[in-house]
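No gaps in the numbering here: position 240 of the sequence shown is 240 in the UniProt record's numbering, and each next residue is one more.
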Amino acid sequence: MVGQWPPLSPYLFIQIIWSFKYEMILAESLMYIPLDLCVEILEIVVKCIPELEYKRAKHLIIQLTSNIYKRCLQLHKTRSSKENGREYAWQLVAYFQMLLDPLTDLRRTRFSMLPIVPETMYEEHGILIKTLLRHTKNCICMQGVTNEDSTSATFFTLGLRRYEDTLPVEDIKVITQKLAQELIAVLLNQIKKVDYFMKRDIFPERNDHLEECLKQFAGDRQATESVFTIQELRYCIVNGKLEYFKELMDRYKEWDESVLDFLEEHMQLCVAHMTKYNTSTLLEYVYVFTTQNLWSKLYSSFILKSVLRILSTVNVMEFYCIVLRYAIKHVHDNPLTELYSEKAFMQFVASNKNICEHHMMRYVLENFLLNTKAVTLTLTKILIGNVQVDHPLFTTKKIVALQSFFKIKVNNEYNVLISCLKKIVCITNPSWNSKRFIHFVDIMLQNEVISTDQLMNNVYISYLTGASFNFLNLMCVLLCIRDILKNKDSSNATNYSLLVIAILEILHNIFLEKEKLVNKDEIIHAINGSVEPLDQATIAPMIKSHGTVMEIIQDYEKRCFVIHTRFRTGAHVYNVNRRKLICTINLDRKSLIRHMILHATTIEYIDYMCEMRRISWFHFGWSSERNAFENIILITIEAMKVVMIYEKNFPEDKFVMLLLSAVKFCEIVADDLKDSGYVINVLLLNLATLNDIVSYTPYAKMFNLMLSRIKDSLTQSMHKYTYFRDILSWIKDVELYRQLSIKT
1 MVGQWPPLSP YLFIQIIWSF KYEMILAESL MYIPLDLCVE ILEIVVKCIP
51 ELEYKRAKHL IIQLTSNIYK RCLQLHKTRS SKENGREYAW QLVAYFQMLL
101 DPLTDLRRTR FSMLPIVPET MYEEHGILIK TLLRHTKNCI CMQGVTNEDS
151 TSATFFTLGL RRYEDTLPVE DIKVITQKLA QELIAVLLNQ IKKVDYFMKR
201 DIFPERNDHL EECLKQFAGD RQATESVFTI QELRYCIVNG KLEYFKELMD
251 RYKEWDESVL DFLEEHMQLC VAHMTKYNTS TLLEYVYVFT TQNLWSKLYS
301 SFILKSVLRI LSTVNVMEFY CIVLRYAIKH VHDNPLTELY SEKAFMQFVA
351 SNKNICEHHM MRYVLENFLL NTKAVTLTLT KILIGNVQVD HPLFTTKKIV
401 ALQSFFKIKV NNEYNVLISC LKKIVCITNP SWNSKRFIHF VDIMLQNEVI
451 STDQLMNNVY ISYLTGASFN FLNLMCVLLC IRDILKNKDS SNATNYSLLV
501 IAILEILHNI FLEKEKLVNK DEIIHAINGS VEPLDQATIA PMIKSHGTVM
551 EIIQDYEKRC FVIHTRFRTG AHVYNVNRRK LICTINLDRK SLIRHMILHA
601 TTIEYIDYMC EMRRISWFHF GWSSERNAFE NIILITIEAM KVVMIYEKNF
651 PEDKFVMLLL SAVKFCEIVA DDLKDSGYVI NVLLLNLATL NDIVSYTPYA
701 KMFNLMLSRI KDSLTQSMHK YTYFRDILSW IKDVELYRQL SIKT
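Here is the structure:
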């Protein structure tokens, strides 16, 4: 009939099979169709099996898994695909695993729609275990297909192509071992679920005999006392008796460092006979060694490095499983945390952007081995933008590969990732990138690393009930909560009452804060006209002003213009000569800068003069930064002259304060221009113009002495820092001399 019917969709094809109850024929056909078509059919069958009744589904799954097992045994003899035979074979293994899930979970089939009576459930469970026992035995005892029909099996090519690909025997062994392990694991899990109690009359009585039988079947084998010492076991292994290797690994609690040396020396031999259980034993040895022995941190690090050298021979996936098993077991009592260095891990993440995936993953896994919680915390900080890294190794999508570590349970309420998010958001409350935070949380929710209820209760609601907030963080958290509630992702496990109370308290505090801001704005607006422009820069954050040099100068100009206009046109100025004098007054920006200098503190002087020289110099008509520096020093010297002439109108130490400010400003300029000689000459030339005025003050003698010292130091090869420090100390000597002369 092939070629006579129009093409059908895979789903419609399966529905026709279900309707005619031809599913067993479909299962048998897997033995005779090409491998790629076999994989395609299994893909749709796995999706549609839950539509069958439980008994039909169970019989079909048993037949399908049996034929998959048999088909895998034939792959080294039969030509089943044109190319990618190995890839299709491993897809068979994947679908084999998927088929076992609905077999052991009644909720995945239509059987779950029926009322489940305890007696019926126990009966079905018993039948399932018998079926699994028989099925597992048949598959494991299968020795390949040897009859004539199978060895000369003709595969339907449908007239399209020839299939010539076969797999080597080694690959077949690996695949069949994997299938057998899956069957045994499913069987043991079902046996462990058997209820050990039986009813006699009314009172339940424990069936000890059944329990003992099941323990012998599913429990761990009790190790018998060995007749060999550790040294004798090593001798046996070296002489070819490799069956003693497992016993050596099982007795890791009796090891010393010589055993590690032995394992490293015979590394190739060890790896060839080392199972996953044995490799996990190496890490358990490290745990026992570090907890039961009072060795130094350095020696513990040496032992760990020896173990990691041995484990470096296993592939990354096996190493992943080994570390994960150790992290789950010792999440609360890991003695290796002292060997973890957050600084070294951060340097690795920040500086190794070109490292290959293999080495990157192995290094990260080694750090998970040392401290799972700390590594998760560091990676989370990087991904949400709390820690800035120029070229991070990990993106949010790459980090999903490590989700098994994030899911490790810290307690009954949340896992490692929720614990880290709670620490970042609720306890430290730093700033983060809102966009990256939301993206990270969405990816974790999509991959079911965390649940919305855990996120809401342990992170978001805990943050909202905290004492302090960062406004941007608060908005980010509220947006996340809104999206969760809008999409109805949360369940009844979310504490909605506490969420509502927390949001209402935040709104109440915001309204109170708004009233305070309104009152503050009214007060600032009322006093704004009485505050000098230079002083307004001090309260700039409150009046929402930047307080730059140009804004201060422009504010001075506005006020002076108003006063100047009032005097020039006011009727109260009756004296004609005085009015003419007022009209001739021309307040340029140089005068306003001098006024600023006279009323500025040392810090204000340095900040505003540096801004004037670097940023605003062209606003004042200066040709360059150097020209701006020369004019600023000149205006400063003029301000000093005003202080000396009208010394009663200024504080006693105003002259010395301006002198100190000018020298500190010169030191900054010399550092910027990398030309201290030029700066010193400009300073010296301008200071020399003060001689005439200073000669009539108590500063005269010490000021002249200071100038002579500056001139002498120009001829010496003195470091810039030392030079300006000396000038500052001489200025203090000038002030001290003035005070002493006044007292005497």
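In this text, a Cβ means the ideal position worked out from N, Cα and C, and glycines have one as well. Source: prediction; values computed, not measured.
Pull up the DSSP beta-bridge partners for residue i, would you.
{"i": "K21", "result": "DSSP, once it has assigned bridges, lists no residue as partnering K21."}
{"i": "N415", "result": "K409"}
Enumerate in chain order the residues of its own chain whose CB-to-CB distance from residue i is below 7 Å, with the five nearest sequence positions on each side excluded.
{"i": "L639", "result": "Residue 639 is actually Ala in this sequence, not Leu. Correct list, in chain order: R594, I597, L598, L658."}
{"i": "D489", "result": "T452"}
{"i": "Q91", "result": "V39"}
{"i": "I17", "result": "E23, L26"}
{"i": "V416", "result": "T372, K373, T376, F405, F406, I408, V410"}
{"i": "L99", "result": "V46, I61, L64, T65"}
{"i": "T689", "result": "I637"}
{"i": "residue 757", "result": "Outside the shown range of the chain (1 to 744) lies residue 757, about which nothing can therefore be said."}
Run the CB neighbour count on residue i, radius 10 Å, all protein chains shown included, and call it buried at 16 or more, exposed below.
{"i": "T601", "result": "exposed"}
{"i": "M609", "result": "buried"}
{"i": "E357", "result": "exposed"}
{"i": "N57", "result": "Checking the displayed sequence, the identity of residue 57 turns out to be Ala instead of Asn. Buried is the call here."}
{"i": "T229", "result": "exposed"}
{"i": "N457", "result": "buried"}
{"i": "S623", "result": "exposed"}
{"i": "P168", "result": "exposed"}
{"i": "N422", "result": "Here residue 422 is Lys; the residue named in the question, Asn, does not match the sequence. Label assigned to K422: buried."}
{"i": "T492", "result": "The sequence shown places Asn at residue 492, rather than the Thr named in the question. The residue is exposed, with fewer than 16 neighbouring Cβ atoms inside 10 Å."}
{"i": "I418", "result": "buried"}
{"i": "L258", "result": "Rather than Leu, the amino acid found at residue 258 in this sequence is Ser. Exposed."}
{"i": "T565", "result": "exposed"}
{"i": "residue 745", "result": "The structure shown does not extend to residue 745, since the chain is modelled only from 1 through 744, so no value can be given for it."}
{"i": "K276", "result": "Because K276 sits at a pLDDT of 47, beneath the cut-off of 50, its placement in the model cannot be relied upon, and the following sentence gives the value as read from the coordinates. K276 is exposed by the Cβ-count criterion."}
{"i": "C139", "result": "buried"}
{"i": "I481", "result": "buried"}
{"i": "G85", "result": "buried"}
{"i": "Y414", "result": "buried"}
{"i": "D555", "result": "buried"}
{"i": "M121", "result": "exposed"}
{"i": "R71", "result": "buried"}
{"i": "residue 747", "result": "Here the chain covers residues 1 to 744 and nothing more, so residue 747 does not appear."}
{"i": "Y235", "result": "exposed"}
{"i": "residue 745", "result": "Examination of residue 745 is not possible in this model, given that the chain is present from 1 through 744 alone."}
{"i": "M317", "result": "exposed"}
{"i": "L507", "result": "exposed"}
To the nearest whole angstrom, what separates the beta carbons of residue i and residue j, a pair I think is in contact under 8 Å?
{"i": "L128", "j": "Q190", "result": "6 Å"}
{"i": "I637", "j": "R589", "result": "That belief does not hold up - the Cβ atoms of I637 and R589 are roughly 17 Å apart, past 8 Å."}
{"i": "R325", "j": "I384", "result": "No, R325 and I384 are not in contact; Cβ-Cβ is about 29 Å, not under 8 Å."}
{"i": "L75", "j": "T136", "result": "At roughly 21 Å, the Cβ-Cβ gap does not stay under 8 Å, so L75 and T136 are not in contact."}
{"i": "Y463", "j": "V477", "result": "6 Å"}
{"i": "I443", "j": "L499", "result": "In fact, because the Cβ distance is near 24 Å, the residues do not count as touching under 8 Å."}
{"i": "L370", "j": "I322", "result": "So it is not a contact: roughly 14 Å between Cβ atoms."}
{"i": "L684", "j": "K711", "result": "7 Å"}
{"i": "L132", "j": "V186", "result": "7 Å"}
{"i": "V679", "j": "L673", "result": "7 Å"}
{"i": "L179", "j": "F96", "result": "6 Å"}
Using a Cβ-Cβ cut-off of 6 Å (strictly less than) and excluding sequence neighbours within five positions of residue i, which residues of its own chain qualify?
{"i": "T465", "result": "A502"}
{"i": "F629", "result": "R613, V669"}
{"i": "L248", "result": "L233"}
{"i": "V387", "result": "K381"}
{"i": "N367", "result": "F345, V375"}
{"i": "N433", "result": "G385"}
{"i": "N662", "result": "Before going on, a small fix: residue 662 reads as Ala here, not Asn. Hits under 6 Å: T636."}
{"i": "F440", "result": "L383, I384, T396"}
Kindly list the residues whose CB is nearer than 8 Å to the CB of residue i, restricted to its own chain and excluding five residues on each side of it in sequence; keep chain order.
{"i": "Y496", "result": "none"}
Tell me, please, whether the segment 37-54 touches the segment 12-27 by the rule of three or more beta-carbon pairs shorter than 8 Å.
yes
At least three beta-carbon pairs within less than 8 Å, the segment 311-328 to the segment 374-387:
no
Cβ contact check for the segment 642-658 and the segment 613-621: 3 or more pairs under 8 Å
With the rule of 3 Cβ pairs closer than 8 Å, the segment 642-658 does not count as touching the segment 613-621.
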